[in-house]
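Count along the sequence shown starting at 1, add 12, and that's the number in our numbering.
Beta carbons: idealized from backbone N, C-alpha and C, even for Gly.
Given the structure is predicted, the values throughout are model-derived calculations rather than measurements.
Here is the structure we will look at.
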Amino acid sequence: MEQLDRKPDVGMSGPLFVAVGVDGVYARTGLFEQVVESLSTCISQRREPGTEVLRFPPVMSRAQLERSGYHHNFPHLLGCVSCLEGDEATLRTLANRPDWPEHLSASGLVLAPAACYPSYPLAAARGFVPPEGLRFDVASYCFRHEATHELGRLQSFQMREFVCIGKPETVLAFRKRWIVKGQELANLLGLNHRLVPASDPFFGRAGRLAALSQLEQALKFEMLIPVRSEEDPTACMSFNYHLDHFSTVWDLKSEGGEPIHSGCVAFGIDRLALALFSTHGMEPASWPRTVREALALSACSPISPHS
Ligand code: 5GP
Ligand code: ZN
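Okay, here's the thing in C-alpha cells:
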C-alpha cells in the first residue's frame with residue numbers, strides 16, 4: 013500500500029475543522045463534509061437487504077437510556093439536556109442571575125451516546141421479533157463527555173451503525189459478515205487496519221471487571237486505523253455482541269420462545285474521514301484512483317477547502 017512519507021497535519025484547526033470555542037467541538041469544513049458524505053454513501057451501498065433505515069436526532073429519551081443502564085455503566089460519559097423551568101417572570105429573574113446554570117433542571121432528554129440505543133425499545137414496541145430477526149441502519153450525532161480531546165476524540169461526533177436483533181446464531185453471523193465487510197471497506201479505501209479484541213470504557217472498579225469479562229467473552233472487536241500516528245492507531249469501527257442485555261431490558265421475545273440477542277457494528281464517520289486525510293494527504297484530488305472511485309470523488313471536481 014502506498015504510504016505518504018510524512019503524516020499530513022490533520023489537526024483540529026486548519027482545512028478540516030474550525031474552532032467554535034470549546035475543546036472537542038468543531039465546525040466541519042466543506043472539504044471534510046464532502047468526504048464524510050462520500051463515506052456515508054459508500055457504507056449505504058453495503059447495507060444488507062431487509063434493513064430498515066432510521067436517522068435519529070442527537071437527543072434521545074432519558075427514561076430509555078436509564079432503562080438500558082447507561083448511567084450506571086458510563087456515568088462519566090453521559091450528557092443530559094437541562095432546561096430552565098417556570099413562568100415568564102421566573103425565567104427572566106433566573107436568566108439575569110450569574111448563577112443561572114444552578115437553576116437548570118434535567119429534562120426528559122439526554123444526548124445520544126451511541127446511535128443504536130433507540131433501536132431496541134422501538135423493536136420491542138412492534139411485538140415479537142420475527143424468526144429471521146430485525147436489522148436497522150441507524151445514525152446520529154453522539155455526545156460523550158470525554159476527559160481528553162486529542163485528535164479524533166471529539167465530544168460530539170457522527171456515528172453510523174447497523175443493528176441486528178434475533179437468534180444468537182443470527183446475530184453472530186451478522187457480526188461475522190460485517191467484520192469481513194469492514195475489512196474489505198478499509199482495504200478499498202487504502203487504510204492500514206488491524207482488528208483487535210476490545211472493551212467498552214465502563215466506569216469504576218466494577219467497570220474494570222465488566223470490561224475484562226467483555227474481553228474474555230470476545231463481545232467487542234475494534235478496527236484500529238492510523239489517524240494521529242502509525243504506532244497508536246485509532247478505533248474507527250467496532251463490532252459488538254450484546255448477548256441478551258438489550259433483549260432482557262426491553263423484553264424482546266420471539267414467538268416460539270427462543271432466546272433473542274442483539275449486536276451492532278458502528279462506524280466512527282469522523283474518525284474514518286480523518287484516517288483518509290491522514291493516510292492519503294489533504295488533497296482528495298490526489299488520492300489514489302481506486303480510493304477516489306470507491307468514494308465516487310470525481311477527478312474533475314477537486315474539493316477545495318472553500319467549496
Ligand atoms: P463505541 O460505541 O464502540 O465506543 O464507538 C463506536 C465508534 O464511534 C468507534 O469505533 C469510533 O469510531 C467512534 N467514536 C467513539 N468515540 C469517539 C470519539 O470520542 N470521537 C470520535 N470522533 N469518534 C468516536
Ligand atoms: Zn451500537
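CB contact check: residue i to chain C, cutoff 9 Å
| i | result |
| --- | --- |
| Val22 | As a matter of chain content, chain C is missing from the structure shown, which is built from one protein chain. |
Residue i - containing beta strand (DSSP E), residue span
| i | result |
| --- | --- |
| Gly280 | His273 to Gly280 |
| Tyr153 | Leu146 to Phe155 |
| Gly120 | Ser117 to Leu123 |
Within 9 Å, strictly: CB atoms of residue i and residue j
| i | j | result |
| --- | --- | --- |
| Leu146 | Ala135 | yes |
| Gln170 | Gly42 | no |
| Met72 | Tyr129 | yes |
| Ser211 | Met235 | no |
| Thr63 | Phe174 | yes |
| Val261 | Cys248 | no |
| Phe155 | Gly219 | no |
| Ile177 | Phe233 | no |
| Val141 | Leu264 | yes |
| Tyr132 | Val183 | no |
| Leu307 | Ser56 | no |
Proximity test, residue i beta-carbon vs ligand 2 heavy atom, cut-off 8 Å
| i | result |
| --- | --- |
| Ala210 | no |
| Cys128 | yes |
| Cys276 | yes |
| Glu173 | yes |
| Asn252 | yes |
According to DSSP, residues forming a beta bridge with residue i
| i | result |
| --- | --- |
| Phe169 | Cys154 |
| Thr160 | Per DSSP, none; premise fails for Thr160. |
| Gly178 | His273 |
| Lys232 | Asn252 |
| Pro209 | Phe233 |
Endpoints, the alpha helix (DSSP H) within which residue i is located
| i | result |
| --- | --- |
| Leu106 | Glu100 to Asn108 |
| Val48 | Gly42 to Ser56 |
Check: residue i C-beta below 8 Å from any heavy atom of ligand 1
| i | result |
| --- | --- |
| Arg283 | yes |
| Leu201 | no |
| Gln226 | no |
| Met249 | yes |
| Glu49 | no |
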